[in-house]
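S.K.: Taken in order, these protein sequences are the chains called A and B. In this text, residue positions in the first sequence follow our numbering: the first is 1, and each later residue adds one. In this text, residue positions in the second sequence follow our numbering: the first is 1, and each later residue adds one. Got a structure for you, written out below as structure tokens; questions coming shortly.
Protein chains: 2
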Amino acid sequence: MSAAVNPVLNPDELIAEMAVRARLAQRQLALLEPARKSAALRAAAAQLRKVEAQILAANALDIAAGETAGLSGAMLDRLRLDPARLEGIAHALEQIAALPDPVGQAIDFSVRPNGLELSRVRVPIGVIGIIYESRPNVTADAAALCLASGNAVLLRGGSEAVHSNRAIHAALSAGLAEAGVPVDAVQLVPVQDRAAVGAMLAAAGQIDLIVPRGGKSLVARVQADARVPVLAHLDGINHTYVHSAADPDKAKAIALNAKLRRTGVCGAMETLLLDVQLAGSQAVVAALIEAGCELRGDARACALDPRVLPASANDWDTEYLDAVLSVAVVDGLDAALAHIALHSSGHTDAVVSDDQAICERFLAQVDSAIVMANASTQFADGGEFGLGAEIGIATGRLHARGPVALEGLTTYKWVVRGSGQVRP
Amino acid sequence: MSAAVNPVLNPDELIAEMAVRARLAQRQLALLEPARKSAALRAAAAQLRKVEAQILAANALDIAAGETAGLSGAMLDRLRLDPARLEGIAHALEQIAALPDPVGQAIDFSVRPNGLELSRVRVPIGVIGIIYESRPNVTADAAALCLASGNAVLLRGGSEAVHSNRAIHAALSAGLAEAGVPVDAVQLVPVQDRAAVGAMLAAAGQIDLIVPRGGKSLVARVQADARVPVLAHLDGINHTYVHSAADPDKAKAIALNAKLRRTGVCGAMETLLLDVQLAGSQAVVAALIEAGCELRGDARACALDPRVLPASANDWDTEYLDAVLSVAVVDGLDAALAHIALHSSGHTDAVVSDDQAICERFLAQVDSAIVMANASTQFADGGEFGLGAEIGIATGRLHARGPVALEGLTTYKWVVRGSGQVRP
């Protein structure tokens, strides 16, 4: 029986013990050739395919328990695996295996007048904790991103996905073992211990970074309680400001896409700011309404179309994640900037204008993780940014901002090569 | 009367109010031309020189109060200003004014297949809190580094330096005002409110980063209590491993310099690891003892020289900051790596060897903020690394590691330039 499920350990001891094993495994992982890590990920993908039947059977147990427990249809859908989804998970591992390895990359290099050669070299962060909810694919995705960047990972999934996660984790472990990679690099925190999440959040010095993956209440709890640094975003209250010099067709296309392509993603637009001098405002508003979006506006937005409902003060700070949009008419760029400074969650904000100077002022003055000109906020995504994958999108101000992938899961060390120099 | 000293505000309200003003000032600061920030720093330097008499008079009040309060000689020395020290402070501002501005620098650039142009651009972190002790020069140094990197700063110095800090802060404010830079960018937290430190540490979302500058107890308190990210190092338990293939003269020179050049700096060597096959161990040990260093060794180190005292278990985890050194004899590189993994504080560790492969293995496998080959650990310093200055040395694993200067006081945002792209 593994110490990880030793019932004698209290939650703090359990996490401490798992973290020590993770640290030891990570030290080996940090030194592995990229090819070895890739081989482990490909072996894990092969294992997932090989034990498809077992994983789907385990998932069926979770689905049955979820139905008994009365989980919502949306939650059951997030939980459910089928051959296509499982193949997607396996394929994602292979895609991550093919990404360039950031570990060992030199960020910069200099030679000091005394001959010392200095370089900052990327190294893994160390031990990463992932706290997530019902999606079993996170077990594989997050493990793969951590492994590919040389980090060990403690995975704490939702109790509703316990059988699925155990089955996926077993397949990952088999893949790691097959490739000669220490299996303690990817550990599953037992869900029966509800206090383990609190222990992870408190494990400063043992866990180096926590990444919550899930709904707002999970992220809020993690951000409020963690003594370990957290990489996350709470809200995506994203704005699109349509300036008076916007091309009407582009503005309409961007607004429709930003709001309605997928309403449930964190990059979806939640507030549209229409310049008071924009000629095409009514057309944009009508197009959104006719596409099925509920609009909640300030007085001037309501005056554009009788179908716009009056907004309440709360609307400007609400992430709808639905076919609902708040709309305000603003008096020029400075008013738009002021609205955004007050209400943006610092995730993604965009301007639409054919006036280059207006765009550049917007890009310079909006202080969000992602700022865009003449594009849909729905591009806020690691894959779209060419990162190959993402562990999440961060709106904090330190370490990594916006979509975070392998590079964001590394730190650096200073490497100094001398020939006997002493300091005068 | 400024709201900052409004006696009606409790400490949390006081810090919140100062942080709001800092944030507003910072938004302007973030957009300033480099030349304007430099002009403000040069004007502040000129002001410091102009009001030299007032600053020295204020400092005399602090020194008198410190003597009455029975401060130690070392503490009084850290507190004391004289014309030469004040000129040094003014000159440091001018040096920081001359550093390249990191704000606006593009970290990378790419064009996606859909034509979106992506760039990560450095931006200031935001509002930085500096918590420090008796050295009044920190008031000017830290303010200048924050200002030069576009950050607003809340300065909380020690109560023993209250008059000096107020006088220096007044000069800085005058310089900022003269250059048209918002004076709320550099604010002094009133010392009469002892609870203000706790309020700063709790001000997550209001203050973006805390940098403690002072002794170990201050740093430990800040690290233990802060809900705001902290950039710091607690200890500099730095090792030098002298491999069997080390040049004897280089090894001796490096060991003497790493330990004794200045014993009170965080980059000083605290533990010497001598390879069991190193021929020159006795000479290194003798040279250190004859230079006035107390050596505390394990059994094999004691056998090298009768003047080596036996070490206790504690010695391997002690930062002496004095002419005291722990010495162990180790069985090759792997034993040295194991000792360092167990006892290093992750600050600076070095190897001395003419065997390049040994050096490279050490540099790869030691996971400290700074790793060195064939150089004195005393080079662990922002100035020596060519950074021009440093706000501190960080041993945390996120954001910035090792010496931190202007670049480490920035973060980045993603800037996306499109031409009407929508996501399929």
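Just so you know, even glycine gets a beta-carbon here, dropped at the ideal spot from N, CA and C. Values in this document were obtained by computation on a predicted structure and should not be read as measured data.
Given that Gly175(B) touches chain A, what residues does it touch there, using C-beta distances under 8 Å?
M.R.: Going along chain A, no residue has its Cβ under 8 Å from Gly175(B), so there is no contact; the nearest lies around 25 Å.
S.K.: Going straight from the alpha carbon of Ser2(B) to that of Asp367(A), what length do you get?
M.R.: In this prediction, Ser2(B) scores a pLDDT of 44, lower than 50, which makes its location untrustworthy; no coordinate-derived value is stated.
S.K.: Evaluate Thr68(B) with the Cβ neighbour count: other Cβ atoms within 10 Å of its Cβ, from every protein chain shown; 16 or more gives buried, anything less gives exposed.
M.R.: exposed
S.K.: Taking its Cβ as the centre, do 16 or more other Cβ atoms sit within 10 Å of His399(A), making it buried, or is it exposed?
M.R.: buried
S.K.: Identify whether Gly386(A) lies in helix, strand or coil by the three-state DSSP scheme.
M.R.: Reduced to three states, the DSSP call for Gly386(A) is coil.
S.K.: Note down, in chain order, every chain A residue with its Cβ under 8 Å from the Cβ of Met18(B).
M.R.: Within 8 Å Cβ-Cβ: nothing; Met18(B) doesn't reach chain A, min ~18 Å.
S.K.: Residue ranges of each beta strand (DSSP E) run of no fewer than 3 residues wholly in the segment 149-234 of chain A, ordered along the chain?
M.R.: 152-156, 186-188, 209-213
S.K.: Is the segment 14-32 of chain A in contact with the segment 152-160 of chain A, if contact means three or more CB pairs nearer than 8 Å?
M.R.: Flag = yes, the segment 14-32 of chain A and the segment 152-160 of chain A touch.
S.K.: Please go through the same chain and pick out, in chain order, the residues whose beta-carbon is closer than 6 Å to the beta-carbon of Ser164(B), but skip the five residues on each side of it.
M.R.: Ala58, Asn59, Asp62, Pro136
S.K.: Please compile the residues from chain B whose C-beta is within a distance smaller than 9 Å of the C-beta of Asn151(A).
M.R.: By Cβ distance, chain B contributes nothing, its closest Cβ being about 10 Å from Asn151(A), past 9 Å.
S.K.: Nearest CA to the CA of Arg27(A): which residue from Ala64(A), Pro124(A), Glu13(A), Ala92(A)?
M.R.: Pro124(A)
S.K.: Based on DSSP bridge pairs, tell me the residues matched to Gln105(B).
M.R.: Paired residue(s): none; Gln105(B) is not in a bridge.
S.K.: Report back the beta-carbon spacing between Arg423(B) and Gln378(A) to the nearest angstrom; my notes put them in contact at under 8 Å.
M.R.: 4 Å
S.K.: Give me, in chain order, the residues of the same chain whose beta-carbon lies closer than 8 Å to that of Arg80(A); leave out the 5 immediate sequence neighbours on both sides.
M.R.: Asn59, Ile63
S.K.: Does DSSP put Asn59(B) in a helix, a strand or coil?
M.R.: Reduced to three states, the DSSP call for Asn59(B) is helix.
S.K.: For a contact defined as C-beta to C-beta under 7 Å, what are the partners of Ala268(B) on chain A?
M.R.: Within 7 Å Cβ-Cβ: nothing; Ala268(B) doesn't reach chain A, min ~11 Å.
S.K.: May I ask which residues mark the beginning and end of the beta strand (DSSP E) holding Val351(A)?
M.R.: 348-352
S.K.: Does the CB of Ala200(A) have a neighbour CB from chain B at under 9 Å?
M.R.: Correcting the residue type first, residue 200(A) is Met in the shown sequence and not Ala. No, no contact with chain B.
S.K.: Beta carbons nearer than 7 Å to chain B: which residues of the segment 361-374 of chain A have them?
M.R.: Leu363, Ala364, Gln365, Asp367, Ser368, Ala369, Ile370, Val371, Met372, Ala373, Asn374
S.K.: If Trp316(A) and Thr271(A) are in contact, beta carbons under 8 Å, what's the gap, nearest whole angstrom?
M.R.: 6 Å
S.K.: So, with DSSP's three-state summary, where would you put Asp141(A)?
M.R.: helix
S.K.: Using CA coordinates, which residue listed in Ala338(A), Leu333(A), Ser345(A), Leu342(A) is at the minimum distance from Val351(A)?
M.R.: Leu333(A)
S.K.: Compare the C-beta of Cys359(B) with all C-beta atoms of chain A and state if any pair is closer than 9 Å.
M.R.: Yes, its Cβ sits closer than 9 Å to a Cβ of chain A.
S.K.: Alpha carbon to alpha carbon, how far is Val219(B) from Asp141(B)?
M.R.: 18 Å
S.K.: Would DSSP call Leu295(A) helix, strand or coil?
M.R.: In this structure, Leu295(A) counts as strand in the three-state DSSP scheme.
S.K.: Using the rule of at least 16 other Cβ atoms within 10 Å of the residue's Cβ for burial, across every protein chain shown, is His91(A) buried or exposed?
M.R.: exposed
S.K.: Do you know how far the Cα of Asp235(B) is from the Cα of Arg23(A)?
M.R.: The straight-line gap from Cα to Cα measures roughly 21 Å.
S.K.: Under the assumption that Leu118(B) contacts Val416(B) (Cβ atoms under 8 Å), give the Cβ distance between them as a whole number of angstroms.
M.R.: 6 Å
S.K.: Are Val330(B) and Leu274(B) close, meaning C-beta to C-beta below 9 Å?
M.R.: yes
S.K.: Going along the chain, which residues of its own chain have a beta-carbon closer than 6 Å to the beta-carbon of Ala98(A), five neighbours each way excluded?
M.R.: none
S.K.: If distances are taken between C-alpha atoms only, which option among Tyr412(A), Ser159(A), Thr410(A) comes closest to Ser134(A)?
M.R.: Selected option, being the one with the closest Cα: Ser159(A).
S.K.: In chain order, what residues of the same chain have a beta carbon less than 6 Å from the beta carbon of Glu431(A), not counting five sequence neighbours either side?
M.R.: The question about residue 431(A) has no answer, for chain A in this structure spans 1 to 424.
S.K.: Secondary structure at Met18(B), three-state DSSP: helix, strand or coil?
M.R.: In the three-state reduction of the DSSP assignment, Met18(B) falls in the helix class, which pools H, G and I.
S.K.: Please state whether the Cβ-Cβ distance between Lys50(B) and Ala143(B) is less than 9 Å.
M.R.: no
S.K.: On the three-state DSSP scale, how would you describe Leu309(A)?
M.R.: In the three-state reduction of the DSSP assignment, Leu309(A) falls in the strand class.
S.K.: What does DSSP give as the partner residues of Gly285(B) in its beta bridges?
M.R.: Reading off the sequence, residue 285(B) comes out as Val, not Gly. Its beta-bridge partners do not exist; DSSP assigns none.
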